[in-house]
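Peer 1:
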Amino acid sequence: MSENTLVTSALADVFSRLGKDSVQQLTKDWNFQSLRRFEINPALLRQIRQLHSDSLPKVTIITSDNREEIAKESVAFRKKVRGEALARLG
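So the sequence shown is numbered by the working numbering: it starts at 14 and just counts up by one.
Spelled out as structure tokens, the structure:
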């Protein structure tokens, strides 16, 4: 969950160059070292480092086991980012 599209852009970058399996590997080992190892676009990596210098946003593969928990976290995150009224819209 993130307030911008940088995470999605990084995952799309890996997918377009290396495919689905690499995206799954990256999400399982989501950290700055892995972003470098998967050779994320340097300009994109710089932006990610600038905005998330302390820690990266959470990235998780959604499964049947964690779906409800992720949905609850997502609702809470949207309320924080958008505000209560807009978050109810979805």
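Beta carbons are placed, not taken as given, at the ideal position from N, Cα and C, and that holds for glycine.
What residue range does the alpha helix (DSSP H) around residue 33 cover?
Peer 2: 33-41 is the extent of the alpha helix (DSSP H) around residue 33.
Peer 1: Roughly how far, in whole angstroms, is the beta-carbon of residue 31 from the beta-carbon of residue 57, given that I think they are within contact range, below 8 Å?
Peer 2: So it is not a contact: roughly 15 Å between Cβ atoms.
Peer 1: Count the other CB atoms within 10 Å of the CB of residue 88; is the residue buried (16 or more) or exposed (fewer)?
Peer 2: Burial call: exposed.
Peer 1: Output needed for residue 53: all residues of its chain with C-beta closer than 6 Å, excluding positions within five of it in sequence on either side, in chain order.
Peer 2: Only 23 and 26 meet the Cβ criterion.
Peer 1: Would you kindly check if the distance between the Cβ of residue 45 and the Cβ of residue 69 is under 9 Å?
Peer 2: In this structure, residue 45 lies closer than 9 Å to residue 69 by Cβ.
Peer 1: Give the DSSP-derived three-state secondary structure of residue 87 in the structure shown.
Peer 2: Three-state result, residue 87: helix.
Peer 1: Using a Cβ-Cβ cutoff of less than 6 Å, which residues in the same chain neighbour residue 61 once the five nearest sequence positions on both sides are dropped?
Peer 2: For residue 61, where only same-chain residues beyond five positions count, the Cβ hits under 6 Å are 19.
Peer 1: Can you list, in chain order, the residues of its chain whose CB lies under 8 Å from that of residue 49, leaving out five sequence neighbours each side?
Peer 2: Result list for residue 49: 58, in chain order.
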